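Each residue of the sequence shown is one higher than the last, beginning at -4 in the numbering used here. All residues carry an ideal CB built from backbone N, CA and C; glycine is no exception. Just so you know, these numbers come straight off a predicted model, no measurement behind them. Below is one structure, written out as structure tokens, with a few remarks after it.
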Amino acid sequence: MKLLLTAVGKRVQLVKYFKNHFEVIGADCSNLAPASFFVSRFYRISHCDVPKYADELMQICQKEKVNIILPLYEQEFILLDAYRKQLKAIGTFLMLSNKTVLATCNDKWATYKFFLDNDINTPKSYISLEEG
-4 MKLLLTAVGK RVQLVKYFKN HFEVIGADCS NLAPASFFVS RFYRISHCDV PKYADELMQI
56 CQKEKVNIIL PLYEQEFILL DAYRKQLKAI GTFLMLSNKT VLATCNDKWA TYKFFLDNDI
116 NTPKSYISLE EG
């Protein structure tokens, strides 16, 4: 199986671990990413805020016949969620929570309320000092 890790950066230990189970392909916006020397193949791609970013990842997935893409940079999560169906259509599974989960986890107050609503022990929290 082929695994594409985005924003590999300094994640050398993660790459080494996954290489025990997958053929690991790395992508990053810098040629200086230390982990790029430990993957099977490396692609220098645009930063995730560049409009062609998702298309570049799609091209890599098609070319390499990637089975799983695991994004590692939070800034790209919402963007890549929008490409979930296109990735699936080319045989690539996006290993990422859905948009609802991402939105909840990106909002500390929403996460706190989710924990309370689901009986998950969490410290008391306040959105303002007046509430305390």
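Top-ranked residue by Cα proximity to L89, from D76, A98, V3 and C100 | Ranking D76, A98, V3 and C100 by Cα distance to L89 puts D76 first.
Which partner residues does K(-3) have in the DSSP bridge list?
-> Looking at the DSSP output, K(-3) shares a beta bridge with E18.
Please report the Cβ distance between C43 and E71, rounded to the nearest whole angstrom; I am assuming they are in contact, meaning their Cβ atoms lie under 8 Å.
-> Contact holds; Cβ gap of about 4 Å.
Three-state secondary structure (DSSP) of D130 | Residue coverage of the chain in this structure runs from -4 to 127, which leaves residue 130 outside it and unanswerable.
In terms of residue numbering, what span does the alpha helix (DSSP H) encompassing I55 cover?
-> Annotation for I55: the continuous alpha helix (DSSP H) segment containing it runs Y48 to E59.
With contact counted as at least three CB pairs below 8 Å, one residue from each stretch, are the segment 10 to 17 and the segment 38 to 58 in contact?
-> Between the segment 10 to 17 and the segment 38 to 58 there are fewer than three C-beta pairs closer than 8 Å, too few to call the two in contact.
Spatial neighbours of Y107 within its chain, please: CB distance less than 7 Å, with the 5 preceding and 5 following residues excluded, ordered by chain position.
-> Excluding five sequence positions before and after Y107, the CB atoms of its chain that fall closer than 7 Å to its own CB belong to T117 and S120, given in chain order.
Which residue or residues does DSSP assign as beta-bridge partners of R6?
-> DSSP, once it has assigned bridges, lists no residue as partnering R6.
So I73 is in the beta strand (DSSP E); what residue range does that whole segment cover?
-> Not the beta strand (DSSP E): I73 falls in the alpha helix (DSSP H), residues F72 to D76.
Could you give the distance in angstroms between the alpha-carbon of M(-4) and the alpha-carbon of I122?
-> Cα-Cα distance, rounded: 45 Å.
Taking C-alpha atoms, which residue in G21, L74 and N113 lies nearest to S92?
-> Nearest C-alpha to S92: L74.
Residues bridged to R36 by DSSP?
-> Bridge partners of R36: I20.
Measure the alpha-carbon distance for L9 versus A84 and round it to whole angstroms.
-> Just so you know, the alpha carbons of L9 and A84 end up roughly 27 Å apart.
Can you tell which of R6, D102 and I64 has its C-alpha closest to the C-alpha of L27?
-> Of the listed residues, the one whose Cα sits closest to L27 is R6.
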